[in-house]
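*Asks:* Encoded as C-alpha cells, here's the structure I'll be asking about.
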Amino acid sequence: AGLKRMYLLAVKLMTVLSIPTAIFTTLLAPILINILGGSEYLPHGAIALQLFIWAMIIGWTNSVAQYVIIALHRQRTLTLAFIIGAGFNIIANLIFIPLYSYPAAAVITIFSEAVLWIAFYFVIRQELGGINWIGVLGRLAVAGLITAGGTWLLALLNMWIGLIGGVMIYGAGVVL
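Heads up, the sequence shown is in this note's numbering, so the first residue is 4 and it goes up one at a time.
Written as C-alpha cells, this is what we have:
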C-alpha cells in the first residue's frame, strides 16, 4: 500500500511539472531553438521540439514506473517492455518517416512512450492493483487543457502575455 501511495504521488508530481513544461516549451520553441542552435534551425527545429516535448508527459511517469518495477524485483519485465517499445518505434519509424519526415519521428516517440506505459502498467496493476487514473490525474489534465487554451488565446495578443497568463492560469488550476 505504501509503495502504491508513493508511486501515485511521484506520478502526480511528475505530471504537475511536465504539463506546463510541455505547454510553455511548445509556445517558446522558436525562441529556444534560435538561442540554442541559431536561425538556420528554424522553423524545423522548433516544429520538432513542439511535437517531441509532449512525449515528456508520459516519459516522466514511465521513469517512475521503471523504478517501481525494479523495487518489485520485476527487472526482466522491463527488458521485455523495452523490446516491445523499441520494436514498435522501429517499425513505425520505418513506415512513417519516409512519408512524413521528422514530424513522424517526434509523434512516434510519443506513441512509443505510450506503448511502454501500457507495458509498465500491466506489471504495476498485477503487483499493486488497479489505479483509477482519471481520479489520480483527471484534475491535472483539466488544469492543463485550460492552461493550454488560455495560453494560446493570450499568446494571440502577445507571446509573453500568453506565457505569463498561462503560468497564472496553471497555478490557479493546480491550487483549485
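Even glycine gets a Cβ: it sits at the ideal position worked out from N, Cα and C.
1. Once you ignore the five residues that flank LEU75 on each side, which residues in its own chain have a CB closer than 6 Å to its CB?
2. Comparing C-alpha positions only, which one of GLY48, MET17, LEU20 and VAL19 sits nearest to LEU183?
3. In its own chain, which residues sit with a C-beta less than 7 Å from the C-beta of GLY153, not counting the 5 before and 5 after it?
4. Is LYS7 close to chain C? Criterion is C-beta to C-beta, closer than 9 Å.
5. Buried or exposed: ILE200, going by 16 or more other Cβ atoms within 10 Å of its Cβ?
6. Going by other Cβ atoms of all chains shown within 10 Å of its Cβ, with 16 needed for buried, is GLU43 buried or exposed?
7. Please state whether the Cβ-Cβ distance between LEU35 and ALA109 is less than 9 Å.
8. Indicate the three-state DSSP secondary structure (helix, strand or coil) for ILE56 in the structure shown.
9. What is the DSSP secondary structure of ALA51, reduced to helix, strand or coil?
10. Put ASN135 into one of helix, strand or coil per three-state DSSP.
11. To the nearest angstrom, how far is it from the Cα of VAL126 to the Cα of ILE73?
12. Please identify the residue among GLY147, ALA51, GLY5 and LEU16 whose C-alpha is closest to the C-alpha of TYR103.
13. For a test of the three-state rule: what should DSSP assign to LEU30, helix, strand or coil?
*Replies:* Inspection of the coordinates gives the following:
1. The residue labelled residue 75 in the question sits at position 72 within the sequence shown. If we look at LEU75 and ignore the five residues flanking it on each side, its Cβ neighbours are GLU130.
2. Because the chain spans 4 through 179 in this model, residue 183 falls outside it and cannot be assessed.
3. Residue mapping note: residue 153 aligns to position 150 of the sequence shown, counting from 1. Cβ neighbours of GLY153 beyond the five flanking positions: GLY168, GLY169 and ILE172.
4. Looking at the structure shown, chain C is missing, and only one protein chain is on hand.
5. Shown here, the chain extends from 4 to 179; a query on residue 200 therefore has no answer.
6. Working through the sequence shown from its first residue, we reach residue 43 at position 40. By the 10 Å Cβ count, GLU43 comes out exposed.
7. Translated into positions along the sequence shown, residue 35 becomes position 32. Translated into positions along the sequence shown, residue 109 becomes position 106. No. Outside cutoff.
8. Walking along the sequence shown from the start, residue 56 turns up at place 53. Coil at ILE56, not helix or strand.
9. Position 48 of the sequence shown, counted from the first residue, corresponds to residue 51. Here ALA51 sits in helix by DSSP.
10. Reading the sequence shown from its first residue, position 132 is the one you call residue 135. Three-state DSSP puts ASN135 in coil, outside helix and strand.
11. Taking the first residue of the sequence shown as position 1, residue 126 is located at position 123. Taking the first residue of the sequence shown as position 1, residue 73 is located at position 70. C-alpha separation (whole angstroms): 11 Å.
12. Residue mapping note: residue 103 aligns to position 100 of the sequence shown, counting from 1. When each option's Cα is compared against that of TYR103, the closest is ALA51.
13. Translated into the one-based positions of the sequence shown, residue 30 becomes position 27. Looking at LEU30 - three-state DSSP - the assignment turns out to be helix.
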